[in-house]
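Novice: Residue numbering for the sequence shown is 1 to 123, as defined by full-length UniProt numbering.
A virtual CB, placed ideally from N, CA and C, is assigned to each residue, including glycine.
Pasting in a structure now, in structure tokens, and then I'll have a few things to ask.
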Amino acid sequence: DRLFYHCSSCNFSLDMRCVLHPPPKSLLDVKTHEHTLTLLPRLVSFTCNACGLNGDRSPYICVQCDFMIHQDCVGLPRLININRHDHRISRTSVLGVVNSVCGVCRKKVDWTCGGYTCHKCPG
């Protein structure tokens, strides 16, 4: 259904969204990471370091840290307010608590991926 451009010689395809609004090749000063992120325009399996979900194409990467992130996760806010907690919570790339659970739904959290945490509350 979707329109796209395709080169049969090199088997390269480009959808209309990327034709009209191509993602930037590199990102500086993003809220989700402290280093420059570079677009890796490939089909590649990876686990997003921001959300913990698997991806299969064109992540942004940081070669300094071995950090990979979905294009959609780059814009995650650094600070958020939730009505179930007294303080603002901030985004961190590694939670650092091995056996942690979500404070809202109580499901286990993958501590190796980023998440939101309160730096004012202990533990």
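Check whether the Cβ of Lys108 lies closer than 8 Å to any heavy atom of the ligand SAM, and answer yes or no.
Specialist: Looking at this structure, you won't find the ligand SAM or any other ligand, since it has none at all.
Novice: Can you tell which of Cys113, Ser90, Arg2, Cys105 has its C-alpha closest to the C-alpha of Cys121?
Specialist: Ser90
Novice: Does the separation of the CB atoms of Gly103 and Gly52 fall below 9 Å?
Specialist: no
Novice: Rounded to whole angstroms, what's the CA-CA distance from Lys25 to Leu39? Just pull it up for me.
Specialist: Near 5 Å, if we compare the C-alpha coordinates of Leu39 and Lys25.
Novice: Please list the terminal residues of the continuous beta strand (DSSP E) segment that includes Leu37.
Specialist: 37 to 39
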